[in-house]
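Student: Would you mind keeping the following structure in view while I ask a few things?
If you want it as structure tokens, here you go:
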């Protein structure tokens, strides 16, 4: 995979080549972070790129498979599993510079993940499990048996995407 960074829309001439090349890594998501760095999540590694300095920080999944992830304006949340079924995940938070700010393990299968500030929400079999950024479990809430994806939109509330509807769940 390759990444082209266009920082001057007034002069958007075609580039001769990509700014960054990621060997043997399928890029799944790219997003600008609040500090101007670029978060890149791939199937084997995640990166934080500082385009102004031309620097790249790489986080390797170390033989673990990516079960799920979430990007916010300030961090990258990775759910990494030692097995291909996505169970017993390691949760890794990378900050705006690409450094690991927190890492902890959970026994849950992470079908969906979302973060808001220092709160992390994981979806496993119709239940949302809340965690602090230090790995302390803060509660669990029913998301419905048809829950496919979650999105924290405040510290106390999440949207749940079900098969036939989107609903709000209070995490109090």
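Residue numbers (my numbering): 18 to 189. Glycine included, each C-beta is placed from N, C-alpha and C at the ideal position. In this text the structure is predicted, and so the values were computed from the model without any measurement.
1) Got a sec, what are the start and stop residues for the beta strand (DSSP E) residue 166 sits in?
2) Need the endpoints of the beta strand (DSSP E) that residue 67 sits in, please.
3) In angstroms with no decimal places, state the Cα-to-Cα distance between residue 22 and residue 89.
4) Measuring straight from C-alpha to C-alpha, what distance separates residue 177 and residue 33?
5) What distance in whole Å lies between the Cβ atoms of residue 135 and residue 150, which are believed to be in contact at a cut-off of 8 Å?
6) Within the region 40–92, note down every full alpha helix (DSSP H) run reaching 4 residues or more, in order along the chain.
7) Consult DSSP for residue 155 and reduce its assignment to one of helix, strand or coil.
8) Find out if the Cβ-Cβ distance for the pair residue 143, residue 130 is shorter than 8 Å.
9) With DSSP run on the structure shown, which of helix, strand or coil describes residue 104?
10) Take the Cβ of residue 172 as the centre, count every other Cβ of all protein chains shown within 10 Å, and call the residue buried at 16 or more, exposed below.
11) Quick check: the Cα distance between residue 164 and residue 65, rounded to an integer number of angstroms?
12) My understanding is that residue 62 touches residue 77, with C-beta atoms under 8 Å, so please give their C-beta distance in whole angstroms.
13) Which residues mark the beginning and the end of the beta strand (DSSP E) in which residue 141 is found?
14) Just grab the DSSP bridge partners of residue 147 for me.
Tutor: The short version:
1) Numbered from its first residue, the chain shown carries residue 166 at position 149. Segment 166–169, the beta strand (DSSP E) holding residue 166.
2) Residue numbering aside, residue 67 sits at position 50 when the chain shown is read from its first letter. From DSSP, the beta strand (DSSP E) with residue 67 extends over 62–67.
3) For the purposes of this step, residue 22 is taken as residue 5 along the chain shown, with counting starting at 1. For the purposes of this step, residue 89 is taken as residue 72 along the chain shown, with counting starting at 1. Those two C-alpha atoms are separated by around 20 Å.
4) What you label residue 177 is simply residue 160 of the chain shown in a count that begins at 1. What you label residue 33 is simply residue 16 of the chain shown in a count that begins at 1. Cα-Cα distance, rounded: 43 Å.
5) Reading the chain shown from its first residue, position 133 is the one you call residue 150. Reading the chain shown from its first residue, position 118 is the one you call residue 135. Sure, about 4 Å apart at Cβ, within 8 Å.
6) none
7) Here residue 155 refers to the residue found at position 138 when the chain shown is read from its first residue. In this structure, residue 155 counts as strand in the three-state DSSP scheme.
8) Residue 143 sits at position 126 when you count from the first residue of the chain shown. Residue 130 sits at position 113 when you count from the first residue of the chain shown. Against a cut-off of 8 Å, the Cβ pair of residue 130 and residue 143 comes out as no contact.
9) Taking the chain shown and counting its residues from 1, the one referred to as residue 104 is at position 87. DSSP places residue 104 in coil when its eight states are reduced to three.
10) The sequence position of residue 172 within the chain shown is 155, counting from 1. Looking at its Cβ environment, which holds fewer than 16 other Cβ atoms inside 10 Å, residue 172 is exposed.
11) Here residue 164 is taken as the residue at index 147 of the chain shown, counted from 1. Here residue 65 is taken as the residue at index 48 of the chain shown, counted from 1. Straight-line Cα distance between these residues: approximately 31 Å.
12) The residue given as residue 62 occupies position 45 in the chain shown. The residue given as residue 77 occupies position 60 in the chain shown. Yes, they are in contact, since the Cβ atoms of residue 62 and residue 77 sit about 5 Å apart, within 8 Å.
13) For the purposes of this step, residue 141 is identified with residue 124 of the chain shown, where counting begins at 1. First-last of the beta strand (DSSP E) with residue 141: 136–141.
14) For the purposes of this step, residue 147 is taken as residue 130 along the chain shown, with counting starting at 1. BP columns for residue 147 point to 138, 156.
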